[in-house]
Amino acid sequence: MSGENDTSLEGFILLGLADTMELQIILFLLFFVIYALTVLGNVGMILLIGTDSRLHTPMYFFLANLSFVDVCYSSAITPKMLADLLSETKTISFTGCFLQLYFFIALATTECILFGLMAYDLMAYDRYVAICNPLHYPLVMNHKICVQMVVACWITGVPVETGQTYQIFSLPFCGSNQINHFFCDIPPLLKLACGDTFLNEMLVFTVAVLFVTIPFLLILGSYIKIISTILRLPSATGRTKAFSTCSSHITVVVMFFGSAIITYLRPKSKHSSRADKFLSLFYTIVTPMFNPMIYTLRNKDAMMALRKLVDPDLAEVGRLTDCATQAPPFIHF
Numbered sequence: 015m016s017g018e019n020d021t022s023l024e025g026f027i028l029l030g031l032a033d034t035m036e037l038q039i040i041l042f043l044l045f046f047v048i049y050a051l052t053v054l055g056n057v058g059m060i061l062l063i064g065t066d067s068r069l070h071t072p073m074y075f076f077l078a079n080l081s082f083v084d085v086c087y088s089s090a091i092t093p094k095m096l097a098d099l100l101s102e103t104k105t106i107s108f109t110g111c112f113l114q115l116y117f118f119i120a121l122a123t124t125e126c127i128l129f130g131l132m133a134y135d136l137m138a139y140d141r142y143v144a145i146c147n148p149l150h151y152p153l154v155m156n157h158k159i160c161v162q163m164v165v166a167c168w169i170t171g172v173p174v175e176t177g178q179t180y181q182i183f184s185l186p187f188c189g190s191n192q193i194n195h196f197f198c199d200i201p202p203l204l205k206l207a208c209g210d211t212f213l214n215e216m217l218v219f220t221v222a223v224l225f226v227t228i229p230f231l232l233i234l235g236s237y238i239k240i241i242s243t244i245l246r247l248p249s250a251t252g253r254t255k256a257f258s259t260c261s262s263h264i265t266v267v268v269m270f271f272g273s274a275i276i277t278y279l280r281p282k283s284k285h286s287s288r289a290d291k292f293l294s295l296f297y298t299i300v301t302p303m304f305n306p307m308i309y310t311l312r313n314k315d316a317m318m319a320l321r322k323l324v325d326p327d328l329a330e331v332g333r334l335t336d337c338a339t340q341a342p343p344f345i346h347f
């Protein structure tokens, strides 16, 4: 670390989300419930996929990994935020801030790439192959390829994110040590640096384009294919169900990527601490809670597995009902 970093001894002070203890208590209760739902929902999704053999498919393998990333990703931010909401002194050590930022951007990068792979290779290519070339599906989407994709998600951004985090914390922080945020994020940290941050800003921009914008464009391309396939479905009911499922997926994707793109790609002069904190709530806390809900409650196979786990007899009745009114397989994301 740079010898000019005065804050390396005392750490930083996180100003948080609220100024009054009354509002902090309200926010604590709200975010505690959200974090509990995030952990329970994602861990439950992992256990459900692991215990039901019918869910041992490429799509659910990706979903289980997404749930694991969401638990780690949320846990890198939320517990510290909850503790600060009940504390008058919201301090974080220099090393603690470094580690929080590193794990945040490393896990966020993994989630972005995983979202892109799920949308393009699973939700679009996977389903497209399953419908148009079903005999090729087991060859194209086998377990080995899926494992290789997930491993690539985890290791792709590690060198870049390690270098980026080290570069940011090598800057001289010789002024205020108050971070106007609820966690150690890149924009508020760069505001505290008293050296030239141009190269850091260019690196942040480049990384955001590579690991946020490009996966988002792949997702949009996959949904264009999905929608074009939906429009060719002969059943109006099937089209309605498919659009309903797609809309919930698109909402979460836009919430996650849209808030991140606005935060990291807009010019430095346009940054607002209030807006940054509000937007960061979506890609750090809200989206990890919604992912298991969207992919379980709006997913026929997952709901059948959940019914089987809760009540085997009820699950059998549901299975027979679904067989009697089964829509095209494409809508069962």
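One gets the numbering used here by counting positions in the sequence shown from 1 and adding 14 to each.
The C-beta atom is built at its ideal place from N, Cα and C for all residues, glycine as well.
Taking only the alpha-carbon atoms, compute the straight-line gap between residue i and residue j and give it to the nearest angstrom.
i, j, result
"V85", "G189", "35 Å"
"V57", "C208", "42 Å"
"M349", "V53", "Absent from the model: residue 349. The displayed extent of the chain is 15 to 347, so no value can be given."
"V83", "S89", "10 Å"
"D33", "I39", "11 Å"
"V47", "G64", "25 Å"
"F197", "C260", "32 Å"
"M35", "T310", "37 Å"
"F42", "L77", "29 Å"
"L231", "L131", "12 Å"
"L224", "V324", "43 Å"
"I228", "F271", "10 Å"
"N214", "A50", "35 Å"
Quick check on residue i: does DSSP put it in helix, strand or coil?
i, result
"L213", "helix"
"F26", "strand"
"T71", "coil"
"T103", "coil"
"I182", "helix"
"I193", "strand"
"H263", "helix"
"I157", "At residue 157 the sequence reads His, which differs from the Ile that was named. The answer is helix: DSSP assigns H157 an H, G or I state."
"S249", "coil"
"G130", "helix"
"D290", "helix"
"G64", "helix"
Are the CB atoms of residue i and residue j nearer to each other than 8 Å?
i, j, result
"S273", "Y237", "no"
"G25", "S107", "yes"
"Y116", "T179", "yes"
"L203", "I233", "no"
"G30", "K94", "no"
"D98", "L206", "no"
"N79", "V164", "yes"
"L69", "D315", "yes"
Compute the beta-carbon to beta-carbon distance between residue i and residue j, rounded to the nearest angstrom, for a pair I have assumed lies under 8 Å.
i, j, result
"P201", "D290", "6 Å"
"P281", "S81", "Their Cβ separation, rounded to whole angstroms, is 35 Å, which puts P281 and S81 out of contact at 8 Å."
"V226", "I275", "6 Å"
(Q) I want to know whether the stretch 300-311 touches the stretch 240-249 - three or more CB-CB distances under 8 Å. (A) no
Q. Is the stretch 169-183 in contact with the stretch 119-127, if contact means three or more CB pairs nearer than 8 Å?
A. yes
Q. Quick one: any contact between the stretch 208-223 and the stretch 261-268, if contact means 3 or more CB pairs under 8 Å?
A. no
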